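In our numbering, the protein residues as written are 73 to 266.
Ideal Cβ placement from N, Cα and C applies to all residues, glycine included.
Please read these numbers as outputs of a predicted model, since none were measured by experiment.
See structure below.
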Amino acid sequence: MERLYLVLDSRDRPLCQAVLESSPTADMLQVRLLLEDGEELTVEGEVQLIGLDDRLPARRGMVKRRRGCHIVVQPTAELGAEARENLRVRTNFKSIILPVTGQWRGARAVQGYDLSCGGVAFHTMQPLAPGEVAELVLPVTDEPLLLHFRVLRTLPSDDPVPLYAARFVDLILDQDIAIRKAVFAIQVRAFYQH
73 MERLYLVLDS RDRPLCQAVL ESSPTADMLQ VRLLLEDGEE LTVEGEVQLI
123 GLDDRLPARR GMVKRRRGCH IVVQPTAELG AEARENLRVR TNFKSIILPV
173 TGQWRGARAV QGYDLSCGGV AFHTMQPLAP GEVAELVLPV TDEPLLLHFR
223 VLRTLPSDDP VPLYAARFVD LILDQDIAIR KAVFAIQVRA FYQH
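The structure is reproduced here in structure tokens:
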């Protein structure tokens, strides 16, 4: 299985996805950048490498060499799990939520606001209570996922439709990886659109 990473610059901006071709614990990390044909990208100085899989350590390091789509990174620090958890992207999707512990029935429409590896924020007209558990159909992954979440709180918003923050609960590894892969892809797309 390929060791897929997201490469960020020193200001936490996503640059591209990459495959680690050396051991994750090597003194010098051999990284193959996943670039489209003809795509030009400057990757230099300090970078962060955030692994798609929890078993892959997140690292900060300095780019020492580049040849084509291959770079050599000298690790300078290991990053904690929060580096992966803090990857958050603005996103815009329409979906539904379904009750698990709430006092309501049927599906409710939601409008996605942002997505992270650990949770989601969305707008919905119907009120939700903090601590309530429900299910969300997440349409931005390769295949739509049905995920349990716990409502954390209402967020401030200029939109008249309430904005809720929620944390995913009871994720299995395949769901976690699918969410992370979607977050990575959305971040890279958003970077290139600006």
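Excluding the 5 residues flanking D214 on each side, which residues of the same chain have their C-beta closer than 8 Å to its C-beta? One-based indexing of the sequence shown puts residue 214 at position 142. These residues qualify, in order along the chain: A250, K253, A254.
Buried or exposed (CB count within 10 angstroms, at least 16 for buried), I143: Looking up residue 143 in the sequence shown gives position 71. Counting Cβ neighbours within 10 Å, I143 comes out buried, since at least 16 surround it.
Supposed close pair C180, T196 - CB separation, criterion 8 Å: Here the question's residue 180 lines up with position 108 in the sequence shown. Here the question's residue 196 lines up with position 124 in the sequence shown. Looking at the sequence itself, residue 180 is Arg, so the reference to Cys does not match. Confirmed, about 6 Å.
What span of residues does the beta strand (DSSP E) with P171 cover, start to end? For the purposes of this step, residue 171 is taken as the residue at position 99 of the sequence shown. Its beta strand (DSSP E) spans residues 166-171.
By a C-beta neighbour count over all protein chains shown, 10 Å radius and 16 as the cutoff for buried, is H266 buried or exposed? Along the sequence shown, read from residue 1 onward, the residue named residue 266 stands at position 194. The predicted model places H266 with a pLDDT of 46, which falls under 50 and marks its position as unreliable; any figure quoted below should be read in that light. Exposed.
For S82, count neighbouring C-beta atoms within 10 Å of its own C-beta (all shown protein chains included) and say buried if the count is 16 or more, exposed if not. Residue 82 sits at position 10 when you count from the first residue of the sequence shown. Counting Cβ neighbours within 10 Å, S82 comes out exposed, since fewer than 16 surround it.
Taking just the CA atoms, how far does Q146 sit from L113? Walking along the sequence shown from the start, residue 113 turns up at place 41. Walking along the sequence shown from the start, residue 146 turns up at place 74. Their backbone Cα atoms lie some 19 Å apart in a straight line.
In angstroms, rounded to a whole number, what distance separates the CA positions of L208 and V182? As a first step, residue 208 must be located in the sequence shown, where it is residue number 136. As a first step, residue 182 must be located in the sequence shown, where it is residue number 110. Rounded to the nearest angstrom, the two C-alpha atoms are 9 Å apart.
Distance check for V115 and S94, CA to CA, integer angstroms please. Here residue 94 refers to the residue found at position 22 when the sequence shown is read from its first residue. Here residue 115 refers to the residue found at position 43 when the sequence shown is read from its first residue. About 18 Å.
For L210, which option in S167, I122, R137, E74 has the closest C-alpha, if you only look at C-alpha atoms? For the purposes of this step, residue 210 is taken as residue 138 along the sequence shown, with counting starting at 1. Of S167, I122, R137, E74, the residue nearest in Cα terms is S167.
Applying the 10 Å Cβ sphere with the 16-neighbour rule, what's the burial state of S229? One-based indexing of the sequence shown puts residue 229 at position 157. Its Cβ having fewer than 16 others within 10 Å, S229 is exposed.
Can you check whether the CB of R104 is closer than 7 Å to the CB of V119? By 1-based counting over the sequence shown, the position of residue 119 is 47. By 1-based counting over the sequence shown, the position of residue 104 is 32. Not closer than 7 Å, so no.
Enumerate, from N- to C-terminal direction, the unbroken beta strand (DSSP E) stretches of 3 or more residues contained entirely within the segment 163-225. 166-171, 180-188, 191-195, 205-210
How is R252 classed by DSSP in three states: helix, strand or coil? Residue mapping note: residue 252 aligns to position 180 of the sequence shown, counting from 1. Three-state result, R252: helix.
Taking Cβ to Cβ, would you say I169 is nearer than 7 Å to A206? For the purposes of this step, residue 169 is taken as residue 97 along the sequence shown, with counting starting at 1. For the purposes of this step, residue 206 is taken as residue 134 along the sequence shown, with counting starting at 1. In this structure, A206 lies closer than 7 Å to I169 by Cβ.
What residue from G152, N164, L76 has the CA that sits closest to D125's CA? Counted from its first residue, the sequence shown places residue 125 at position 53. Comparing Cα positions, the closest option is L76.
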